[in-house]
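One structure is given here, and the rest of the page talks about it.
Numbering (our numbering), first residue to last: 26 to 1053.
Structure (structure tokens):
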């Protein structure tokens, strides 16, 4: 009893972890059950849609040879709505007179005939092929569908032990002979009887089909046929199992086809039905038989886009009165329910002329339907199905399809300003391509009417086909799955936290799972690590070179690094380039902090890449990657030594060796420059993770991967370096100085372009706009808008006179270049807002006077600028930039609505916008790569997840920045530790972020390489200033 009492505290310690573990298991099992149930309900729905599905699926097995009332039978079937009959012909005993009469009567009554060529004994392939070829040549104008044998997977059907190999030889010969006589004929696989046996007398229909595929018989038939008898269950029985005989068994044959890449063919049902007598086919009541038969046709028509016509089993007149086969007889007068509308399936445009109305002078060919040029053009479709899609031929031309479903705009398409749903026929990448575009989804089961109105696009053969989705409502499991994921993630985090608490408090932890017996893998890893450490030791030259290098302070090493980088960039010789690359890497290894100002300097020059082998890389990314690699290599010896010291520390030398191995408690939390990860670090990690997730959903993955590398990962590496490397105030100023030097170079280059009349953009009214090293003057305005506030804040609020003068002088070309870029976002929003913030920090009374004066100057300038054509229609949203910007934002919101969680993917905005979401009235500007709003940019590129991570970064920055820019009054708690110069820099960085928000309302704020690097530089600098 006492022992039990003493063990209770230990049980309580483990209780949270056990509870979290049980909740996690329960959520996983529940999620599996929800998904499994949904998959069971929808199995068979998503198994492809072969082209041109027969629109009438109702068929009957008939016995018309020597029948006295042949014409009457066929007329009755036609009157009841049936479209097909299936008749057997004995290849050894064919009465050609009777066969001619059957073929002619069937055609006269407008019914399709499937001729089953069979017999009583396994045929010789050559003799059978001769018969099949002659039969097809005789009836090529009256019969289009042939079936080779019946039930060859049964001993009774093959008249001996079934053999897939023997049947494949017969099938191959007959297929070739029939297609020689009638190239357009459909040669169907024999109807495979349902059985669960695997031989030798009978072989499962699923196994037999698999054997045919494995024998290479795929090219010897044009359609597959099964016999999905219902036996004792209804057609709504969704059990799909090789050991179960029911109507759903047909799905197994289709899945076998998909597994062997043969999804372009239909699966026909040669025989099926329900028997009302005691029989080997089960038994149901006559009422159930009638109801099940109608439901089976409806299910196949509505759910299985891959299902061809289905033939009811009917008794033969020769069957005896007591023959169980007579139990298949069913009243066919009330079975047909879907015959006048398009069923779920895929249909080429030229095949729709019998079921759809084409208004206008449409033309048809194997390419599709061509839109008329000089007359109204529309297509009206009556269909049953929950989804509707169109396959279109897109290229570099402008045309549209406007679509309504039941009089309402199609729900899967964007809408123009009039609320009309539209499809853009311009290719996203301007290259010729076929695209299937969903027009409507989630429609209520039942009949619908679609009207597709075309505008422009003649001579393009644009409309290729239509696809109608299954006519069912799919189970919506998103809400329960979301709830279970939330519960599961919460329990997983709780479990991790509980275990970490146990590990922290437990002094008798087991050794790390990293410790394991020697193995080949471990030896290989040790060898690789030793090579890396050897290289690291060689680079240190006995660890004295770095110390010698430091003797010269910062100026000489920085100059040497800049010269090496310049020589690397401009060297025309590969060998010299590689030598400079190696030297640059060595310099970064010796002084990793030297890479930071170099990266800052090269930020705006990312559009001037350095060719290297068959690729080109910008200097900013070369420096960033080299710096990270050098830093990691430099840390390796220290990391190994630290781990060794933890194992062999004096406090643990008395312990047995096995207990002095590395333990879990030796794995400290990740630290950056001696600090634990802060909220801003986690926000940056979350943003990287959210961006990485979009790579899996991006339609154009190549550009997404590139943007992930150059806009997300490499700037994040710069942030990592800023956080990890030791930086004092002097090194912080080195970074900022080099950044501003780069900005001044950009500005001076742009001004020199204006003087030389080169590299200019002509704006409205003929005004020349400079763009410097960027592709657009607006990009120049965005970059300078991030540099000007820093220069202005230091010049106005700094302490050191020399730095204030230099930064003030730097302002002159920066402001001049910004003004001559004529960037409205920079001149009217970003720069004024950021300068206003700086003036507010300058002093209350002085700030009020300065802001008043600035406001007056701004109003005067705006009045003067309004005379410039570029600014004349600034507030006009009915034309010009304002009109296009409003329509762009509407398109961006529609894009995000369709892709709420992860957006359309990194750098995929252009393709989604140009290919689907651009409004027809905004057609003049189709080539926009971003949403021109920094919030919409994040939403459309990374979805809600990415936007929340981005906002978390901004929130973390604001918290840190607030502490940095506070005035250092005696009452300030805690006191502001920054020097006046660093505080001025912090204010400049805050004003730079204000510029991002203000200018970013009408343009981007992050998704260019230079802006991303400046953004991460800002984040890294404020965290380091907080620490310094």
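Just so it is clear, CB atoms sit at the ideal spot from N, CA and C, and this is done for glycine as well. Since we're looking at a predicted model, the values are computed, not measured.
Exercise for the section: Taking all protein chains shown into account, decide if residue 704 is buried (16 or more other Cβ within 10 angstroms of its Cβ) or exposed. Expected result: Taking the first residue of the chain shown as 1, we reach residue 704 at position 679. Per the 10 Å Cβ criterion, exposed.
Exercise for the section: Would you check whether the ligand ADP has a heavy atom nearer than 7 Å to the C-beta of residue 439? Expected result: Looking for the ligand ADP in the displayed structure turns up nothing, as the structure carries no ligands at all.
Practice task
Only counting runs of 3 or more residues, tell me where the beta strand (DSSP E) segments fall wholly within the segment 1000-1040, in order along the chain.
Solution key: none
Practice task
Would you tell me roughly how many angstroms separate the C-alpha atoms of residue 1048 and residue 985, rounded to the nearest one?
Solution key: Residue mapping note: residue 1048 aligns to position 1023 of the chain shown, counting from 1. Residue mapping note: residue 985 aligns to position 960 of the chain shown, counting from 1. Taking the straight line joining both Cα atoms gives about 7 Å.
Handout entry: For residue 859, the three-state DSSP class (helix, strand or coil)
Key = The residue you call residue 859 lines up with position 834 of the chain shown. Helix.
Practice task
Pull up the DSSP beta-bridge partners for residue 447, would you.
Solution key: On the chain shown, residue 447 is found 422 positions in, with the first residue counted as 1. Answer is 427, bridged to residue 447.
Exercise for the section: Buried or exposed for residue 459, please, with buried defined as at least 16 other CB atoms from any protein chain shown within 10 angstroms of its CB. Expected result: Indexing the chain shown from 1 puts residue 459 at position 434. Looking at its Cβ environment, which holds fewer than 16 other Cβ atoms inside 10 Å, residue 459 is exposed.
Exercise for the section: Please name the residue, chosen from 812, 820, 863, that lies closest to residue 851 on a Cα-to-Cα basis. Expected result: Walking along the chain shown from the start, residue 851 turns up at place 826. Checked all of 812, 820, 863; the closest Cα to residue 851 is 812.
Practice task
Going by DSSP, name the residue or residues bridged to residue 473.
Solution key: Along the chain shown, one-based indexing puts residue 473 at 448. Note: residue 473 sits in a beta bridge opposite 408.
Handout entry: Reduced DSSP category for residue 480 - H, G, I as helix; E, B as strand; rest coil
Key = Indexing the chain shown from 1 puts residue 480 at position 455. Three-state DSSP puts residue 480 in a strand.
Problem - Supposed contact pair residue 764 and residue 822 - C-beta distance, whole angstroms, cut 8 Å - result: Stepping through the chain shown from its first residue, residue 822 is reached at position 797. Stepping through the chain shown from its first residue, residue 764 is reached at position 739. With 8 Å as the limit, residue 822 and residue 764 do not qualify as a contact, their Cβ atoms being about 18 Å apart.
Exercise for the section: Could you tell me whether the segment 721-736 touches the segment 923-931, where touching means 3 or more Cβ pairs closer than 8 Å? Expected result: yes
Practice task
Give the straight-line distance between the Cα atoms of residue 662 and residue 656, rounded to the nearest whole angstrom.
Solution key: As a position in the chain shown, residue 662 is number 637, starting the count at 1. As a position in the chain shown, residue 656 is number 631, starting the count at 1. Approximately 11 Å between the Cα atoms of the pair.
Problem - Which residues DSSP lists as bridging residue 373, in chain order - result: What you label residue 373 is simply residue 348 of the chain shown in a count that begins at 1. For residue 373, which the question treats as bridged, DSSP gives the partners 490.
Handout entry: Cβ pair residue 509, residue 52 closer than 8 Å
Key = To locate residue 509, count along the chain shown from 1; it is residue 484. To locate residue 52, count along the chain shown from 1; it is residue 27. Their beta carbons are under 8 Å apart, which means residue 509 touches residue 52 by this criterion.
Problem - Integer Cβ distance of residue 625 from residue 767, believed to fall under 8 Å - result: One-based indexing of the chain shown puts residue 625 at position 600. One-based indexing of the chain shown puts residue 767 at position 742. Indeed they touch by this definition, with Cβ atoms about 7 Å apart.
Practice task
Could you check the C-alpha separation between residue 330 and residue 232 for me, to the nearest Å?
Solution key: One-based indexing of the chain shown puts residue 330 at position 305. One-based indexing of the chain shown puts residue 232 at position 207. Going by the C-alpha atoms only, they are around 23 Å apart.
Problem - Backbone CA spacing between residue 168 and residue 366 [nearest angstrom] - result: On the chain shown, residue 168 is found 143 positions in, with the first residue counted as 1. On the chain shown, residue 366 is found 341 positions in, with the first residue counted as 1. Answer to the nearest angstrom: the Cα atoms are 25 Å apart.
Exercise for the section: Starting from residue 293, follow its DSSP beta bridges and name the residues at the other end. Expected result: Your numbering for residue 293 matches position 268 in the chain shown. Beta-bridge pairing links residue 293 to 250.
Practice task
Would you identify the three-state DSSP class for residue 500, choosing helix, strand or coil?
Solution key: Within the chain shown, the letter at position 475 stands for residue 500. If DSSP states are grouped into helix, strand and coil, residue 500 belongs with coil.
Exercise for the section: With a 10 Å radius around its C-beta and 16 neighbouring C-beta atoms as the bar for buried, classify residue 3 as buried or exposed. Expected result: Missing from the structure shown is residue 3; the chain here goes from 26 to 1053 and no further.
Exercise for the section: Taking residue 230 as part of the alpha helix (DSSP H), name the residues at either end of that continuous run. Expected result: Counting from one through the chain shown, the residue named residue 230 turns up at place 205. 230-239 is the span of the alpha helix (DSSP H), which, as asked, contains residue 230.
Handout entry: Own chain residues within Cβ distance below 6 Å of residue 412, not counting five before or after
Key = If you number the chain shown from 1, residue 412 lands on position 387. So the list reads 466, 494, once near-sequence residues are dropped.
Exercise for the section: Please state if the CB of residue 252 and the CB of residue 296 are separated by a distance shorter than 8 Å. Expected result: In the chain shown, residue 296 corresponds to position 271, counting from 1. In the chain shown, residue 252 corresponds to position 227, counting from 1. It is a contact, given that the beta carbons lie within the stated cut-off.
Handout entry: is_contact[residue 512, chain D] using C-beta, thresh 8 Å
Key = Checking the listed chains, one finds no chain D in this structure; it contains a single protein chain.
Problem - Beta-carbon proximity list for residue 801, same chain, < 8 Å, skipping 5 on both sides - result: The residue you call residue 801 lines up with position 776 of the chain shown. Closer than 8 Å at Cβ, skipping near neighbours: 786.
Problem - Endpoints, alpha helix (DSSP H) assigned at residue 984 - result: Here the question's residue 984 lines up with position 959 in the chain shown. 959-990 is the extent of the alpha helix (DSSP H) around residue 984.
Practice task
Have a look at residue 59 and residue 275 and give me their C-alpha separation to the nearest angstrom.
Solution key: Walking along the chain shown from the start, residue 59 turns up at place 34. Walking along the chain shown from the start, residue 275 turns up at place 250. The alpha-carbon atoms of residue 59 and residue 275 are separated by roughly 25 Å.
Practice task
Give the secondary structure of residue 170 by DSSP, where H, G and I count as helix, E and B as strand, and everything else as coil.
Solution key: Indexing the chain shown from 1 puts residue 170 at position 145. Correct three-state label for residue 170: strand.
Practice task
Counting only the same chain and skipping the five closest in sequence on each side, list residues whose C-beta sits under 6 Å from that of residue 554.
Solution key: Here residue 554 is taken as the residue at index 529 of the chain shown, counted from 1. Because the pLDDT at residue 554 is just 33, under 50, the model does not fix this residue reliably, and the point stays unresolved.
Exercise for the section: For the beta strand (DSSP E) holding residue 109, just list the boundary residues, first then last. Expected result: The sequence position of residue 109 within the chain shown is 84, counting from 1. Element bounds for residue 109: 109-115.
Practice task
Could you please give me the residues that DSSP links to residue 76 through a beta bridge?
Solution key: The sequence position of residue 76 within the chain shown is 51, counting from 1. DSSP, once it has assigned bridges, lists 371 as partnering residue 76.
Exercise for the section: May I have the straight-line CA-CA distance separating residue 8 from residue 942, to the nearest angstrom? Expected result: The displayed coordinates of the chain run from 26 to 1053. Any statement about residue 8 would go beyond what the structure contains.
Practice task
Consult DSSP for residue 622 and reduce its assignment to one of helix, strand or coil.
Solution key: As a working note, residue 622 is residue 597 in the chain shown. Note: residue 622 maps to helix in three-state DSSP.
Problem - Cα-Cα separation, residue 408 to residue 430 - result: To locate residue 408, count along the chain shown from 1; it is residue 383. To locate residue 430, count along the chain shown from 1; it is residue 405. Distance between the alpha carbons of residue 408 and residue 430 is about 10 Å.
Handout entry: Burial state of residue 489, where buried means 16 or more other Cβ atoms lie within 10 Å
Key = By 1-based counting over the chain shown, the position of residue 489 is 464. Counting Cβ neighbours within 10 Å, residue 489 comes out buried, since at least 16 surround it.
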